[in-house]
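Numbering (full-length UniProt numbering), first residue to last: 1 to 183.
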Amino acid sequence: MTALVLGLALWSAAHLMPRLAPRLHARLGSSARGVVAGLVLLGLLLMIFGYGAWDAAQHHVPAPWTRHLNNLMMLVAVYLFAASGLKTRVAAALRHPQLFAVTLWAGAHLLANGDWASFVLFGGLGLWAVIEMALLDVRAPVPHFAPSTRAREVRAVIGGVVVFILIGLVHGWIGPNPFGAMS
């Protein structure tokens with residue numbers, strides 16, 4: 001549990017540093033990216049290790065339908081990452097499509113998992129994303145994207161579906177299969 005919580009704290013602190021400690025971030029200068037990247041990577045490794053090592057008890061047994069809702073929410077979350085990179089209409093409308101995708105990802109996993117380790121990990125990352133969006137909204141102007149092309153919109157959908165399938169396959173190899181038993 002300690003590693004998971006420490007990983008969440010490092011991840012959150014590194015991502016929030018530019019907004020909560022702008023003087024420190026500025027003082028680091030060109031090395032700020034390296035420091036932030038190192039803290040994020042260390043936090044990620046601690047979260048992975050801590051989540052895997054925590055033999056957490058179940059606080060509830062998720063209903064069978066939550067896996068399907070989880071997959072739908074994950075498909076939308078992955079699409080939002082693609083839409084953000086391609087600057088589609090959806091990305092422009094949502095303002096923070098990647099952070100919104102993280103909240104969807106976290107919420108989907110909270111629905112489909114009933115153990116305390118999942119509650120801490122996904123709840124913590126979802127909370128971080130909501131705080132990050134709120135802080136960005138206070139300081140940053142609304143981004144304006146150039147009008148998106150139809151081809152860009154189609155690429156975002158196709159890319160999102162392909163990456164979603166790949167994530168599901170890898171997830172099935174290293175953990176529970178999100179698509180159910182495939183034999």
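Just so you know, even glycine gets a beta-carbon here, dropped at the ideal spot from N, CA and C.
Contact between Gly-107 and Gly-126 is confirmed by a C-beta separation of about 6 Å, below the 8 Å threshold.
Per DSSP, the unbroken alpha helix (DSSP H) holding Arg-150 starts and ends at 150 to 174. By the criterion of at least three beta-carbon pairs nearer than 8 Å, the region 22 to 34 is not in contact with the region 58 to 73.
Following the DSSP letters along the chain, one finds Trp-105 inside the alpha helix (DSSP H) bounded by residues 97 to 112.
Per the C-alpha coordinates, the member of Pro-62, His-96 and Trp-65 positioned closest to Ala-77 is His-96. With the rule of 3 Cβ pairs closer than 8 Å, the region 37 to 55 does not count as touching the region 147 to 164. Leu-39 places its beta carbon 8 Å or farther from that of Val-120. Shown here, Asp-55 sits in coil according to DSSP, grouped into three states, outside any helix or strand. The criterion of a C-beta distance shorter than 8 Å is not satisfied by Tyr-51 and Gly-160.
8 Å or more divides the Cβ of Arg-139 from the Cβ of Leu-86. Sixteen is the threshold: when 16 or more other Cβ atoms of the shown chains lie within 10 Å of the Cβ of Pro-178, as they do, the residue is buried. In its chain, beyond the 5 residues on either side, no residue has a beta carbon closer than 7 Å to the beta carbon of Arg-150.
Within the same chain, and ignoring the five residues on either side of His-60 in sequence, the residues whose Cβ sits closer than 6 Å to its Cβ are Gly-114. Residue environment: Trp-11 is assigned as buried (16 or more neighbouring CB atoms within 10 Å of its CB, all protein chains considered). Assignment of beta-bridge partners to Asp-137 by DSSP yields no partner. In summary, Gly-180 is exposed, with fewer than 16 beta-carbon neighbours lying within 10 Å of its beta-carbon over all protein chains present.
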